[in-house]
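Residue numbers (this note's numbering), protein chains in the order written: chain D, 1 to 191; chain R, 192 to 468.
Beta carbons are placed, not taken as given, at the ideal position from N, Cα and C, and that holds for glycine.
Note that the structure is predicted; figures quoted are calculated from it, not measured.
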Amino acid sequence: MAPFDIIVIGGSAGSLAMVLQILPHLKTDMQVSVILVFHRRSSEDTTLIELLSHRTEFEVKEVDEKDPIRPHVIYIAPADYHVLIEKDHTLSLDVSEKVNFCRPSIDVTFESAADIYGKSLMCILLSGANADGVRGLKAARDKGGFIVVQDPASAEVSYMPQQATEQLPVDLLLHDNNMDVLMDCLRSGRG
Amino acid sequence: MNSEALLDLSDGEIEIVLNDLVEVHGYDFMNYSRASLKRRINRLVANDKFLSFAEFRYRLRNDDVYFKRFVEEITVNVTEMFRDTQFYRTLREEILPVLATSPLVRIWHAGCSTGEEVYSMAILLQEAQLLHKSLLYATDINPAVLEKVRAGIFPMNQMKRYSENYILSGGKNDFSSYYIAQYNAAKFDEQLGKKIILANHNLVSDSSFNEFQLILCRNVMIYFDKELQERALKLFDDSLEPLGFLALGSKETLKFSSISHKYRQVANKEKIWRKIK
Numbered sequence: 001m002a003p004f005d006i007i008v009i010g011g012s013a014g015s016l017a018m019v020l021q022i023l024p025h026l027k028t029d030m031q032v033s034v035i036l037v038f039h040r041r042s043s044e045d046t047t048l049i050e051l052l053s054h055r056t057e058f059e060v061k062e063v064d065e066k067d068p069i070r071p072h073v074i075y076i077a078p079a080d081y082h083v084l085i086e087k088d089h090t091l092s093l094d095v096s097e098k099v100n101f102c103r104p105s106i107d108v109t110f111e112s113a114a115d116i117y118g119k120s121l122m123c124i125l126l127s128g129a130n131a132d133g134v135r136g137l138k139a140a141r142d143k144g145g146f147i148v149v150q151d152p153a154s155a156e157v158s159y160m161p162q163q164a165t166e167q168l169p170v171d172l173l174l175h176d177n178n179m180d181v182l183m184d185c186l187r188s189g190r191g
Numbered sequence: 192m193n194s195e196a197l198l199d200l201s202d203g204e205i206e207i208v209l210n211d212l213v214e215v216h217g218y219d220f221m222n223y224s225r226a227s228l229k230r231r232i233n234r235l236v237a238n239d240k241f242l243s244f245a246e247f248r249y250r251l252r253n254d255d256v257y258f259k260r261f262v263e264e265i266t267v268n269v270t271e272m273f274r275d276t277q278f279y280r281t282l283r284e285e286i287l288p289v290l291a292t293s294p295l296v297r298i299w300h301a302g303c304s305t306g307e308e309v310y311s312m313a314i315l316l317q318e319a320q321l322l323h324k325s326l327l328y329a330t331d332i333n334p335a336v337l338e339k340v341r342a343g344i345f346p347m348n349q350m351k352r353y354s355e356n357y358i359l360s361g362g363k364n365d366f367s368s369y370y371i372a373q374y375n376a377a378k379f380d381e382q383l384g385k386k387i388i389l390a391n392h393n394l395v396s397d398s399s400f401n402e403f404q405l406i407l408c409r410n411v412m413i414y415f416d417k418e419l420q421e422r423a424l425k426l427f428d429d430s431l432e433p434l435g436f437l438a439l440g441s442k443e444t445l446k447f448s449s450i451s452h453k454y455r456q457v458a459n460k461e462k463i464w465r466k467i468k
C-alpha cells in the first residue's frame, strides 16, 4: 500500500497533549500533509502555532483561503471557519452554520477530506467532550480511509473518542505507548 | 437520523444541477468553490428528504418557489455584528477619520446577507457623526435576505455577544440604546436604517453601479473560485474612487490578484487595502 498523503487530526477538550506527542514523530522524509481541526476560541491567539512549531520539523500555519496543500506543512483550522478541501488540493474556508455546535467542525473536514483523498487519508480523532467527528469518521471509512481514535481510557475527556469506538470499527486505538505503531502505519501505508 | 440512507449527489450530478440553474433560472454558480457548494446542496437534499436525484432535479427545474428556497439555502447567510472586533476598531480609528473629509460618504456592503455588518457600520458612522452624510449600499444575490436588512430586526439572544463585540471594537455607548427589545427580537433604531439602500446584485453577472470610498466584501469571495474572485475584484476596483478602501475577510487577501499592484494594505494586520493608483 502507498503511504498516506494526508492526516486530518480532530481534537477538542484535552487533546493538545496527544498532538504534542504525535508531532515530533513526523519527519520530512514522509511526503505527508497534516490538517489540524481544533475546537478553540480565538484566531488572534497565535500561541498555539508557536507551541506546535517547537515540536515539529514541519511548517505550522493557520489556513488561508485557497492555500495549496503541500507536504511537510501542518495546517491549523482558523477559529470560526470550517475547512474544506477542493479537488485541486487547495483548502477552502466556509463560515456557514456551526455543525455539532462547532466551527470549525471536525465532521466537515473529515467528510471533505474523505471525498477527495479516499484511501490515502488517515483520520485521527482525539479527546473531547462532544460528538463532533464521528459522522466524518464514518464517511472516511466508507471511502477507504484509515481510522485512528485515541483510546478513550487514556483520553483526558473520553466522550468524543468513546462515541467513535462505539459506532464504527477503528483501525488503530492510539494511546501513550503505541506511537511507534502509528508511525509504522504512516510509513507503510497501513497496519 | 440515519445519515447513511440519505441521498448523496455525486460530482457529476452536482454539475448537472449547476447547468440547470444557468439554463432554466439564469443563476450561475459554476464558479463557486465546489467543496462547500456540494456540501450545502447535499444538506438541502437530505433536509428536504428527496428520494432520488431525478426528483430533486425535476423540482428545482420546474418549481420557482423551490428554486427560491434553493438560493436561500445554498448561499451562506451566517453573519454577526462587529465580527472581528479589531477590524471594526481599525475602521473606527483609522478609516472613518479619512472618510470624514468627504462631503458625501458612499459605502458598499457587497454580499450583505441579513445586514448585521451594515448596521454595525451605521452605528460606527453615527458615533463618528458621519451618518447624516453617508449612504450605505447593501447588496446581495439572495432577495430574501434584503427584506431582513430592511426590517433591521435581529435575534435577541445574540445581543449579549454583539454588545461584547461592540465594546471590544471601541464602542463607548450602551449598546442596548441602539435597539428596542420585543420578545425574542431586537429592533434597531430606524435612524440607522434610513441611510441604507438595498439592491439585488450578483457578483457573478452584474456590473459596477456607482463609485465608493469604501467597499466591504468579507467572507463572500471565499466561496468563489479564483476566476470569479478575479472578476469580483475587478468590479470592486472599477467601483472604488482613487484612495478608496477595500475591506476583505480575515483569511482573504488581495496578494495574488491582478489588481494587487494598485493597492497598499493599511499599516496593521487587518485586511483593508487602499487604492493608490
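Might you give, ordered along the chain, the residues of its own chain that have their beta carbon closer than 6 Å to the beta carbon of residue i, omitting 5 neighbours on each side?
| i | result |
| --- | --- |
| Asn-177(D) | none |
| Trp-299(R) | Tyr-328, Phe-403 and Ile-406 |
| Gly-440(R) | Arg-409 and Asn-410 |
| Leu-209(R) | Phe-220 and Met-221 |
| Phe-273(R) | Tyr-279, Ser-311, Asn-356, Tyr-357 and Ser-360 |
| Val-60(D) | Ile-49, Leu-52, Ser-53 and Ile-74 |
| Leu-126(D) | Gly-11, Ser-15, Met-18 and Gln-150 |
| Asn-375(R) | Met-347 |
| Leu-290(R) | Val-296 and Gln-404 |
Leaving out five residues before and five after residue i in sequence, what residues of the same chain have Cβ atoms less than 7 Å from its Cβ?
| i | result |
| --- | --- |
| Tyr-257(R) | Arg-250 and Leu-251 |
| Asn-100(D) | Asp-107, Asn-130, Ala-131 and Asp-132 |
| Ile-7(D) | Val-32, Val-34, Met-122 and Ile-124 |
| Asp-94(D) | Tyr-81, His-82 and Leu-84 |
| Arg-455(R) | Trp-464, Arg-465 and Ile-467 |
| Arg-70(D) | Ser-33 |
Using a Cβ-Cβ cutoff of less than 8 Å, which residues in the same chain neighbour residue i once the five nearest sequence positions on both sides are dropped?
| i | result |
| --- | --- |
| Glu-421(R) | Ser-448 and Ser-449 |
| Thr-56(D) | Leu-23, Pro-24, Leu-26 and Ile-74 |
| Ser-224(R) | Ile-413, Tyr-414, Phe-415 and Asp-416 |
| Ile-116(D) | Ile-85, Glu-86, Lys-87 and His-89 |
| Lys-66(D) | Thr-90, Leu-91 and Ser-92 |
| Lys-138(D) | Gln-167 and Leu-168 |
Quick one: does residue i have its CB under 8 Å from some CB of chain D?
| i | result |
| --- | --- |
| Arg-248(R) | no |
| Thr-305(R) | no |
| Arg-252(R) | no |
| Thr-281(R) | no |
| Ala-423(R) | no |
| Ala-301(R) | no |
| Ala-335(R) | no |
| Ser-227(R) | yes |
| Glu-443(R) | yes |
| Ile-467(R) | no |
| Val-269(R) | yes |
| Arg-231(R) | yes |
| Lys-351(R) | no |
Kindly indicate if chain R contains any beta-carbon less than 8 Å away from that of residue i.
| i | result |
| --- | --- |
| Val-8(D) | no |
| Ser-15(D) | no |
| Tyr-81(D) | yes |
| Lys-27(D) | no |
| Asp-64(D) | yes |
| Val-95(D) | yes |
| Lys-87(D) | yes |
| Pro-68(D) | no |
| Leu-84(D) | yes |
Whose C-alpha, out of the options, is nearest the C-alpha of residue i?
| i | options | result |
| --- | --- | --- |
| Gly-343(R) | Glu-355(R), Val-213(R), Glu-432(R) and Gln-382(R) | Gln-382(R) |
| Lys-385(R) | Ser-325(R), Phe-247(R) and Phe-241(R) | Ser-325(R) |
| Tyr-310(R) | Thr-292(R), Glu-271(R), Ser-293(R) and Thr-276(R) | Glu-271(R) |
| Pro-78(D) | Thr-46(D), Ser-127(D) and Asp-5(D) | Thr-46(D) |
| His-39(D) | Glu-111(D), Met-183(D), Ser-12(D) and Asp-184(D) | Ser-12(D) |
| Gly-302(R) | Asn-391(R), Ile-387(R) and Ser-368(R) | Asn-391(R) |
| Met-183(D) | Phe-146(D), Lys-119(D) and Arg-41(D) | Phe-146(D) |
| Lys-168(R) | His-452(R), Thr-292(R), Ala-438(R) and Lys-466(R) | Shown here, chain R extends from 192 to 468; a query on residue 168(R) therefore has no answer. |
| Ser-96(D) | Tyr-454(R), Ser-304(R), Leu-287(R) and Val-269(R) | Val-269(R) |
| Asp-275(R) | Ile-207(R), Arg-352(R) and Lys-378(R) | Arg-352(R) |
| Tyr-218(R) | Ser-243(R), Ser-396(R), Lys-229(R) and Gly-306(R) | Ser-396(R) |
| Asp-171(D) | Ile-69(D), Ser-105(D), Leu-36(D) and Lys-119(D) | Lys-119(D) |
| Gly-128(D) | His-175(D), Arg-103(D) and Gln-163(D) | Gln-163(D) |
| Ser-243(R) | Glu-204(R), Arg-231(R), Asp-211(R) and Leu-212(R) | Glu-204(R) |
Can you determine whether any heavy atom of the ligand NAD sits closer than 7 Å to the C-beta of residue i, and answer yes or no?
| i | result |
| --- | --- |
| Asp-428(R) | Only the bare structure without any ligand can be found here, which leaves the ligand NAD out of the picture. |
(Q) Suppose only complete runs of 4+ residues qualify. What are the alpha helix (DSSP H) ranges in the segment 365 to 441 of chain R, listed by chain order? (A) 381 to 384 and 417 to 430
Q: Entirely within the segment 92 to 135 of chain D and at least 4 residues each: give me those alpha helix (DSSP H) ranges in chain order.
A: 106 to 117
Q) When the Cβ atoms of the segment 140 to 160 of chain D are set against those of the segment 12 to 27 of chain D, are three or more pairs found closer than 8 Å? A) yes
Q) When the Cβ atoms of the segment 307 to 317 of chain R are set against those of the segment 278 to 289 of chain R, are three or more pairs found closer than 8 Å? A) yes
Q. In chain order, which alpha helix (DSSP H) runs of at least 4 residues are fully inside the segment 237 to 290 of chain R?
A. Runs of the alpha helix (DSSP H) lying entirely within the segment 237 to 290 of chain R and spanning at least 4 residues, in chain order: 244 to 253, 255 to 265, 276 to 281 and 287 to 290.
Q: Report yes or no: do three or more beta-carbon pairs, one from the segment 263 to 280 of chain R and one from the segment 329 to 336 of chain R, lie closer than 8 Å?
A: yes
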